[in-house]
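Down below is the structure, laid out as structure tokens.
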Amino acid sequence: MSFNPPSRNPRAFTLIELLVSIGVISILIGLLLPALSGAKIRASEVKVLSELRQIGVSMQLYVEDAGGLYPYFPPNTPHLVGPPDDPLAIIFVDDDPWSMTYMWVTVMHRVAPWNENYASWTGVGRESGRLPWLDLEGSWLTPGYRMSNSFVASPGTWSDSGVARVQSIRAGRVRYPSAKIIFIDGARAYLRRGDRSQSSRGVLFTDGSARSVLDADAASPVQNRLKKGTPNIYHDTPNGVEGRDF
83 MSFNPPSRNP RAFTLIELLV SIGVISILIG LLLPALSGAK IRASEVKVLS ELRQIGVSMQ
143 LYVEDAGGLY PYFPPNTPHL VGPPDDPLAI IFVDDDPWSM TYMWVTVMHR VAPWNENYAS
203 WTGVGRESGR LPWLDLEGSW LTPGYRMSNS FVASPGTWSD SGVARVQSIR AGRVRYPSAK
263 IIFIDGARAY LRRGDRSQSS RGVLFTDGSA RSVLDADAAS PVQNRLKKGT PNIYHDTPNG
323 VEGRDF
């Protein structure tokens, strides 16, 4: 009986076979990377909508606590930047009524404490420092979700007639809650800067619903009669809170 031991020199890849294998692997990677990137963006969009809905719940609690009024601070009113029990919190006095677009967080201490909620206000894809409301350098990390300017001025501020003035807005003045936006994902840090103009954006409607929309589909903004500069969608809605963004 004969016995043939296994060969100690199994057939190796030729150079051509190796190059073909590398080419196939490169093609597969090229096909998979966009799919993985797209899945990551979709996951980020889902998280954005979830956080916007949470803000909607907190805002509803605020409105109920404030007798039916949306957040508003008259000019030169002090804002508490930081939790009330934080020894490093500062008092900031601001004379710009339109800064409520990011200062809205300073009125939420009673219904949505910063310690428990601020991490969900910074915006998906943004990095915080040792505390959720601080950036990596220790400065205030303003919220990535911005409140519409429509909610701090009379509807006449964005129409050809009526009184134009900054003021608190009562919830009942919103004529189309399912079509008027109150919060916008202003950061979209999970997207590359060059991709943002063509990508959808998470928004929160006044009725508490959130969805991803394209800026191009929004109502064209009109001039704010109290504020110079180029009108902005979602902030300079025709007829303010009595108008529609979609």
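Going by the numbering used here, the first residue of the sequence shown is number 83, and it counts up by one from there. Where a beta carbon is used, it is the ideal one built from N, C-alpha and C, also for glycine.
Should residue i go down as buried or exposed, given a rule of 16 or more other Cβ atoms within 10 Å for buried?
i, result
"glycine 254", "exposed"
"threonine 224", "buried"
"asparagine 197", "exposed"
"valine 234", "buried"
"serine 108", "exposed"
"isoleucine 251", "buried"
"isoleucine 172", "exposed"
"threonine 288", "buried"
"aspartate 177", "exposed"
So is the beta-carbon of residue i under 6 angstroms away from any non-hydrogen atom of the ligand HEM?
i, result
"leucine 296", "As far as ligands go, the structure on display features none, and thus does not contain the ligand HEM."
Grouping DSSP H, G and I as helix and E and B as strand, with all else coil, what is residue i?
i, result
"serine 294", "strand"
"phenylalanine 233", "helix"
"isoleucine 251", "coil"
"proline 160", "strand"
"tyrosine 227", "strand"
"aspartate 147", "helix"
"aspartate 217", "coil"
"aspartate 168", "coil"
Let me check understanding here. Comparing Cα to Cα, which of the options lies closest to residue i?
i, options, result
"tryptophan 240", "Gly284, Pro156, Lys309, Arg283", "Lys309"
"aspartate 267", "Ser126, Glu146, Ser243, Asn158", "Ser126"
"glycine 290", "Lys262, Gly311, Val187, Met185", "Lys262"
"asparagine 306", "Glu324, Ser232, Gly164, Gln136", "Ser232"
"alanine 246", "Arg278, Pro320, Ser302", "Pro320"
"proline 214", "Arg278, Gly244, Asp168, Met182", "Asp168"
"glutamate 133", "Pro303, Phe155, Ala292", "Ala292"
"valine 163", "Gln142, Pro195, Ile137", "Pro195"
So, using beta-carbon positions, are residue i and residue j closer together than 7 angstroms?
i, j, result
"serine 230", "glutamine 249", "no"
"glycine 205", "glycine 226", "yes"
"proline 179", "proline 153", "no"
"histidine 191", "proline 160", "no"
"leucine 218", "glycine 211", "yes"
"threonine 183", "arginine 135", "no"
"leucine 273", "serine 282", "no"
"glutamate 324", "arginine 270", "no"
Determine which residues share a DSSP beta bridge with residue i and list them.
i, result
"glycine 322", "Paired residue(s): none; glycine 322 is not in a bridge."
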